[in-house]
Amino acid sequence: MTGWALVFHPDLLGKYPLGQKMSGYGFFSYQVHEALHVSAQEEALLEGVLGSLRHEYEHALDAFSQDLLVAQLEVLLGYANRFYHRQFLTRRGAEHDLLSRFEDRLTAHFAQAGNPALPTVQQFAEALHVSPAYLSDMLRALTGQTAQQHLHHALIERAKQLLLSTSLTVSEAAFQLGFNYPHYFTRLFKSKTGLTPAAFRSSTTISHGPA
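Residue numbers (full-length UniProt numbering): 1 to 211.
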């Protein structure tokens, strides 16, 4: 097997904006079976950047070398992001199947009897046999929202149902949703709706009350 291996230490990026952006490159946390599949044209682009990186590293060690190495590394990572986004969109059949299975599991989670634990991205990724980073990036590419945003949306929608269709107190609704501490539920609900759970229930009851 032949190919390229690029290894760099985080200290290389310490003084550059790229160091603060590394968490945005989710593919560093992907599993092996989630590897990028590139076209011949894309492969040529990547090899060109890698060749420039190698040449700079081996032949031009001067005051400008580190700046140029980091700049070219950012170009390489930018291409990887672009090509992964393309892969999510061009493999729509497989990715939409993954999206459907994610949504089905999310619906099933809130249909459980009793008090389920709060849903986590890790939990759903393991059930779907993908990495959390891949799941989140795939959902963002197809829907515009990360996995965590999907979980929060489902939580809030279920919370609204409980507040409007049951006589549960806010604390009881929080526990039923999986929150150990009701004030965390209240904080999340208000951040997503602009109202506390109690205010949401009151405003909806008033607006739908008898004329």
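Here a beta-carbon is modelled for each residue, glycine too, at the ideal position from N, C-alpha and C.
- Cβ neighbours of L50 within its own chain (closer than 8 Å, five residues either side excluded): W4, L6, L76.
- Taking 8 Å as the cut-off, the Cβ atoms of L135 and V121 count as close.
- Of the residues assessed, H109 falls on the buried side of the cut-off, its CB having 16 or more other CB atoms within 10 angstroms.
- Between the beta-carbon of L163 and that of A173 there is about 6 Å, and that keeps the pair under the 8 Å contact cut.
- Taking C-alpha positions only, Q123 is separated from F83 by approximately 27 Å.
- Relative to the Cα of H85, the nearest Cα in the group G14, L151, T186, H37 belongs to H37.
- Restricting attention to Y79, L53, D62, E34, the CA atom closest to the CA of V70 is found in L53.
- Collapsing the DSSP output to three states places S100 in a helix.
- DSSP places M138 in the uninterrupted alpha helix (DSSP H) bounded by 132 to 143.
- A direct Cα-to-Cα measurement between A127 and D67 gives close to 42 Å.
- Ranked by Cα distance from Q149, the first of A199, T204, T90, E103 is E103.
- For the 8 Å CB-CB criterion, P182 and F189 do not form a contact.
- The residue among G178, L61, R201, D11 with its C-alpha nearest the C-alpha of S165 is R201.
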